[in-house]
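Residue numbers (the numbering used here), protein chains in the order written: chain S, 30 to 292; chain B, 13 to 171.
By construction, the Cβ of each residue, glycine as well, lies at the ideal position given by its N, Cα and C atoms.
All values derive from a computational prediction rather than experimental measurement.
Structure first, then comments.
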Amino acid sequence: MRLIERFFSVIGANTIDRVWRLGFAARFFLAMLSHSGETFRRPRLLLRELYASGVLSLIIILVSGLFVGLVLGLQGYDTLQRYGSSEALGILVALSLVRELGPVVAALLFASRAGSSMTAEVGLMKATEQLAAMDMMAVNPLARIMAPRFWGGVLSMPLLATLFTAAGIFGGWLIGVIFIGVDEGAFWAQMQANVSFRDDVFNGIIKSAVFGVAVSLIAVFEGFDAVPTAEGVSRAITRTVVTSALAILALDFVLTSFMFRGL
Amino acid sequence: MNRRVMDLWVGVFVVIGFAAVLFLALKVSNFSASSFATTYEITAKFDNIGGLKARGPVKSAGVVVGRVAEIRFDPQTYEANVVLKIDSQYQFPNDTFASILTSGLLGEQYIGLDAGGDERMIPAGGTIAKTQSAIVLEKLISQFLFNKASEGKKDAGAQ
């Protein structure tokens, strides 16, 4: 009897804990949004975060994009040439990158490259009581620390995803046209004829913007919510990467099922 | 980090980011071709559209002159109403013939327009009267088998 009681109370406590944390994250999000005005009134703050999460992620995004494109080129060609339609390589590379791989893989990389460092920075500020000190000096840490990092991530994510896609298409072109010798005209013409700006490219950019909001929010919130010890911060960073990855993949499924229904 | 170096790098980042958007818009997708050009709509009724899809190309003499905007089923006539968006710079005569064709052996299906000799042009919102349905492979095969069977009977009768 006691065992059953314990079983249910563990489940109950866990559920309440999760729901409470979700509500806390939502309130944190709203509070951060309401303190976002200062971020845009002081562009210097935002610029620093664009540098930290955008510019410093450039190398990994561009190189990964290039390699994903190279692999898509090789694998796509191998399959397509069995059906004698190797000219469709351009469509295959472009559509898979623009619709899915670009936004999703760029967001996963962004979460592990920029999201983790955001969490670490905010978490350590909390552990060393810098956030509390700021509060004492009547500087709101939400406006001074959290909001610029959040907006820096939100603004750089779509640009990074687009760069990833462009690098990938360049990689596919490199393999397809330069190394294998698919006809260059057919490669680009088929791609242009079958990729729509409104339905494919624009939807991909919307996806990456949504992922940017999700990853930045998770990263900043986990840092803010971290247990202020060395172990707590390291756990918070792990949670950022894991939760972001799950959120990206789940959101991607939801967005895809809305955007590409019946296409 | 030096302030000027940071400004420079963020500038570079934003500029190449937007350059990538432009690349996707102009080189990868058909932004320049389809989104700015003005179009007009005409409707064509088909008995059977086969595997035709919305956004499929409309070609005349092999050149893309428009796109399939919408495919509807008409419950009164049991036909498919296909709305075509044609580039305004191209006008077609009233007796234009629309047929559903396939590019290549297994390629996508598209609508081919063969211009007629009429003096008057199809107005915006007009209808193409003469259409030819998609060829459905099963029907073609069964027709062929029926023909063979009836030939066989004829031969048997002659002997």
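Residue(s) in a DSSP beta bridge with residue i
i, result
"residue 117 of chain S", "BP columns for residue 117 of chain S are empty, so no partner."
"residue 201 of chain S", "None, per the DSSP bridge assignment."
"residue 95 of chain B", "B/55 and B/82"
"residue 123 of chain B", "B/70 and B/112"
"residue 133 of chain B", "B/105"
"residue 142 of chain B", "B/109"
"residue 76 of chain B", "B/71"
Test: residue i CB closer than 7 Å to a CB of chain B
i, result
"residue 123 of chain S", "yes"
"residue 226 of chain S", "yes"
"residue 110 of chain S", "no"
"residue 171 of chain S", "no"
"residue 230 of chain S", "yes"
"residue 104 of chain S", "no"
"residue 84 of chain S", "yes"
"residue 159 of chain S", "no"
Cα-Cα separation, residue i to residue j
i, j, result
"residue 143 of chain B", "residue 189 of chain S", "48 Å"
"residue 55 of chain B", "residue 160 of chain B", "38 Å"
"residue 141 of chain B", "residue 235 of chain S", "41 Å"
"residue 158 of chain B", "residue 97 of chain B", "39 Å"
"residue 145 of chain B", "residue 57 of chain B", "9 Å"
"residue 89 of chain B", "residue 59 of chain B", "9 Å"
"residue 226 of chain B", "residue 91 of chain B", "A query on residue 226 of chain B cannot be resolved here, the shown segment of chain B reaching from 13 to 171 and no further."
"residue 42 of chain B", "residue 77 of chain S", "36 Å"
"residue 141 of chain S", "residue 217 of chain S", "33 Å"
"residue 80 of chain S", "residue 238 of chain S", "18 Å"
"residue 276 of chain S", "residue 70 of chain S", "31 Å"
"residue 162 of chain S", "residue 172 of chain S", "14 Å"
"residue 68 of chain B", "residue 62 of chain S", "43 Å"
Integer-rounded CB distance, given that residue j should sit under 8 Å from residue i
i, j, result
"residue 244 of chain S", "residue 181 of chain S", "With a Cβ gap of about 12 Å, residue 244 of chain S and residue 181 of chain S do not count as contacting."
"residue 201 of chain S", "residue 101 of chain S", "5 Å"
"residue 125 of chain B", "residue 40 of chain B", "Residue 125 of chain B to residue 40 of chain B, Cβ: 28 Å. No contact."
Other residues of its chain near residue i: CB distance less than 7 Å, five sequence neighbours each side excluded
i, result
"residue 105 of chain S", "118, 121 and 122"
"residue 90 of chain S", "135, 138, 189, 192 and 193"
"residue 262 of chain S", "149, 152, 153, 156 and 255"
"residue 54 of chain S", "250"
"residue 148 of chain B", "60 and 62"
Min CB distance residue i to chain S below 7 Å
i, result
"residue 161 of chain B", "no"
"residue 29 of chain B", "yes"
"residue 72 of chain B", "no"
"residue 42 of chain B", "yes"
"residue 25 of chain B", "yes"
"residue 33 of chain B", "yes"
"residue 36 of chain B", "yes"
"residue 22 of chain B", "yes"
Contacting residues, own chain, Cβ-Cβ under 6 Å from residue i (five flanking each side not counted)
i, result
"residue 160 of chain S", "154 and 170"
"residue 130 of chain B", "105, 106 and 107"
Contact set for residue i: own chain, Cβ-Cβ below 8 Å, skip 5 residues either direction
i, result
"residue 272 of chain S", "247 and 251"
Interface flag, residue i vs chain A, CB-CB below 7 Å
i, result
"residue 64 of chain B", "The structure shown contains no chain A; its protein chains are S and B."
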